[in-house]
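Quick notes on the structure that follows.
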Ligand code: NCD
């Protein structure tokens, strides 16, 4: 390995680096990917359940011929033998793991791992803090669909407070010149929950005709004690239902980081709508993560 770069937060990468990464991701889509992780041991350490992100990183590592080790926290010594997070990181590095992809329910925990791990650490989501690779794939996907993100008005709708996706993706889209709007009730969206330039709106119906892209978010119930708003009231005000679907632009893309909950933030028909780009996000995620790992390991 020539470098030991890590990605903990989206601000760890410059726009130039991200442009290079996106170009690389497009190359990976067109031709067989290089064997750039051949001989590199990649450890995936997920302290939270995950379908998309976990499998996406494994696919990306395998696409580049890396050696994939999926670590199950419940079976590690830190689960019952008192081994600390940082000691686990030291041990994994000494075992020969060079790339550590980690997800943890506590904000800052992945940074602690990274501080002790003398290799590449990638944050696959830490609490409500950050999810930088989701920001990369969201920005890549919206860039592909919209062409130019400059001036595009992009609305994030729902539980923004508990969404590490929103926290990372909003920032990156703003860096690419998009105008980001947050839409949700006070209990899920206060001024402190979003960057200062993000406009806060409570009325979903009021923005429908005036947006270039929509990012729907899940109510992340596992991240708070009790639902701060009545389900019925939430659905009435913020669900993307058939009526609202009919009022957004004929070509306005709808994104969702997944997992999506039918009957809550979206209705079933959204999943059959041509404007629903969820599958593109998931597929692009593999390419973007492969490009990221390639650059973190080999430099830019
Ligand atoms: C998200 C997550 O876990 O942060 N999912 C994902 O990684 N694509 C969003 C969510 O859980 O709602």
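Residue numbers (this note's numbering): 2 to 301. Beta carbons: idealized from backbone N, C-alpha and C, even for Gly. In this text the structure is predicted, and so the values were computed from the model without any measurement.
Beta-carbon gap between residue i and residue j smaller than 8 Å
{"i": "residue 8", "j": "residue 124", "result": "yes"}
{"i": "residue 101", "j": "residue 144", "result": "no"}
{"i": "residue 288", "j": "residue 267", "result": "no"}
{"i": "residue 216", "j": "residue 185", "result": "no"}
{"i": "residue 212", "j": "residue 156", "result": "yes"}
{"i": "residue 68", "j": "residue 42", "result": "yes"}
{"i": "residue 117", "j": "residue 111", "result": "no"}
{"i": "residue 205", "j": "residue 263", "result": "no"}
{"i": "residue 89", "j": "residue 96", "result": "no"}
{"i": "residue 292", "j": "residue 25", "result": "yes"}
{"i": "residue 127", "j": "residue 105", "result": "yes"}
{"i": "residue 276", "j": "residue 253", "result": "yes"}
{"i": "residue 303", "j": "residue 150", "result": "The structure shown has nothing for residue 303, since the chain only spans 2 to 301."}
{"i": "residue 255", "j": "residue 271", "result": "yes"}
{"i": "residue 114", "j": "residue 86", "result": "yes"}
{"i": "residue 6", "j": "residue 297", "result": "yes"}
{"i": "residue 172", "j": "residue 196", "result": "yes"}
Cα-Cα separation, residue i to residue j
{"i": "residue 35", "j": "residue 65", "result": "6 Å"}
{"i": "residue 37", "j": "residue 54", "result": "21 Å"}
{"i": "residue 258", "j": "residue 282", "result": "8 Å"}
{"i": "residue 180", "j": "residue 202", "result": "13 Å"}
{"i": "residue 22", "j": "residue 189", "result": "33 Å"}
{"i": "residue 83", "j": "residue 77", "result": "10 Å"}
{"i": "residue 134", "j": "residue 161", "result": "17 Å"}
{"i": "residue 16", "j": "residue 81", "result": "42 Å"}
{"i": "residue 11", "j": "residue 169", "result": "6 Å"}
{"i": "residue 119", "j": "residue 176", "result": "30 Å"}
{"i": "residue 52", "j": "residue 70", "result": "16 Å"}
{"i": "residue 286", "j": "residue 31", "result": "15 Å"}
{"i": "residue 132", "j": "residue 247", "result": "31 Å"}
{"i": "residue 2", "j": "residue 98", "result": "At residue 2, the pLDDT of 46 sits below 50, so the modelled position is not reliable; the number obtained from the coordinates is stated separately. Roughly 11 Å separates the two Cα atoms."}
{"i": "residue 108", "j": "residue 237", "result": "32 Å"}
Bounding residues of the beta strand (DSSP E) (the contiguous stretch that carries residue i)
{"i": "residue 42", "result": "42–47"}
{"i": "residue 203", "result": "Note, residue 203: premise wrong, no beta strand (DSSP E); not H, not E."}
{"i": "residue 287", "result": "Counting along the chain, residue 287 falls outside any beta strand (DSSP E), though it belongs to the alpha helix (DSSP H) covering 279–299."}
{"i": "residue 154", "result": "154–158"}
{"i": "residue 127", "result": "121–127"}
Extent of the continuous alpha helix (DSSP H) to which residue i belongs
{"i": "residue 63", "result": "53–64"}
{"i": "residue 166", "result": "165–176"}
{"i": "residue 142", "result": "133–147"}
{"i": "residue 233", "result": "232–239"}
{"i": "residue 102", "result": "Where residue 102 is concerned, there is no enclosing alpha helix (DSSP H), although the beta strand (DSSP E) it sits in stretches over 98–105."}
{"i": "residue 79", "result": "78–81"}
Contact belief for residue i with residue j at Cβ below 8 Å, rounded distance in angstroms
{"i": "residue 214", "j": "residue 147", "result": "7 Å"}
{"i": "residue 290", "j": "residue 58", "result": "6 Å"}
{"i": "residue 182", "j": "residue 199", "result": "7 Å"}
{"i": "residue 301", "j": "residue 18", "result": "6 Å"}
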